[in-house]
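In full-length UniProt numbering, the protein residues as written are 1 to 227. Here the structure comes first, spelled out in structure tokens, and everything after it is commentary.
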């Protein structure tokens with residue numbers, strides 16, 4: 001079988017009505033964007049000629065302590081979802097962790113929990129595309145995605161999830177109402193599914209869609225893919 005590839009999904013640029021989806025109080029037009037699983041090319045895409053002036057402007061605005069690095073807390077203070085709320089701790093820690101890399105491009109072993117201007121540019125592009133894709137699925141422009149919209153989103157990504165599983169994903173993400181998810185919850189959910197899909201793919205040697213897995217290997221996957 002062939003596996004869905006979240007990295008192949010793309011979406012239009014956007015901002016949410018009067019409340020920009022992204023960095024409020026920055027350059028006119030808000031912070032557009034959005035993409036599930038990772039932008040085309042994945043983390044590591046560079047702006048031609050170095051850091052773009054717009055990214056530098058955003059970085060300076062987000063780097064409140066002027067340390068030359070951005071933490072998850074600083075990122076959280078700048079990112080706003082379509083419902084006017086700041087992104088969750090989980091989403092911001094996830095994104096910082098994804099782009100906190102060392103000079104070789106590998107995940108930073110010292111786990112500083114901060115990103116520099118070059119890493120921020122990659123994150124900026126990543127969130128840009130995320131938000132645009134979310135907008136393309138949020139067809140009623142409500143600022144959140146409900147079961148039918150989420151089911152269609154995953155179907156367009158190549159997944160064939162049952163209604164019961166879609167309902168489970170909504171319930172898992174929306175702890176309060178069990179009915180809808182915001183863009184930051186959408187990001188976390190899609191990255192989680194991508195990680196598990198990749199872990200499953202490498203163990204499915206014959207591409208049958210079924211694997212036999214040992215207990216320790218199962219724990220390795222579960223703990224390694226959990227956020």
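All residues carry an ideal CB built from backbone N, CA and C; glycine is no exception. Quantities reported herein were computed from a predicted structural model and do not represent experimental measurements.
If you draw a straight line from the C-alpha of residue i to the C-alpha of residue j, how long is it?
i, j, result
"residue 181", "residue 152", "14 Å"
"residue 120", "residue 132", "18 Å"
"residue 200", "residue 211", "8 Å"
"residue 125", "residue 75", "14 Å"
"residue 80", "residue 206", "43 Å"
"residue 191", "residue 84", "22 Å"
"residue 73", "residue 52", "23 Å"
"residue 24", "residue 77", "With a pLDDT of 30 at residue 24, under the threshold of 50, the modelled position of that residue is not reliable, and no figure is offered here."
"residue 59", "residue 221", "35 Å"
"residue 165", "residue 148", "12 Å"
"residue 193", "residue 141", "24 Å"
"residue 208", "residue 171", "29 Å"
"residue 67", "residue 99", "17 Å"
"residue 62", "residue 215", "44 Å"
"residue 128", "residue 161", "26 Å"
Which whole-angstrom value is the C-beta distance of residue i and residue j, which I expect to be below 8 Å?
i, j, result
"residue 117", "residue 56", "7 Å"
"residue 114", "residue 173", "With 8 Å as the limit, residue 114 and residue 173 do not qualify as a contact, their Cβ atoms being about 27 Å apart."
"residue 183", "residue 82", "6 Å"
Take residue i as the anchor and find which of the options has the nearest alpha-carbon.
i, options, result
"residue 168", "158, 124, 146, 220", "146"
"residue 137", "150, 81, 127, 126", "150"
"residue 143", "87, 204, 123", "87"
"residue 224", "202, 195, 155", "195"
"residue 217", "90, 226, 203, 209", "203"
"residue 186", "128, 99, 50, 134", "134"
"residue 198", "50, 122, 94, 226", "226"
DSSP three-state call for residue i: helix, strand or coil?
i, result
"residue 115", "strand"
"residue 136", "helix"
"residue 73", "helix"
"residue 213", "coil"
"residue 180", "strand"
"residue 106", "Low per-residue confidence applies at residue 106: pLDDT is 46, beneath 50, and the placement is therefore not dependable, though the value from the model is reported in the following sentence. In this structure, residue 106 counts as coil in the three-state DSSP scheme."
Can you name the start and end residues of the alpha helix (DSSP H) that residue i belongs to?
i, result
"residue 153", "147-157"
"residue 79", "Neither: residue 79 is in no alpha helix (DSSP H) and is coded neither H nor E."
"residue 97", "89-99"
"residue 56", "53-62"
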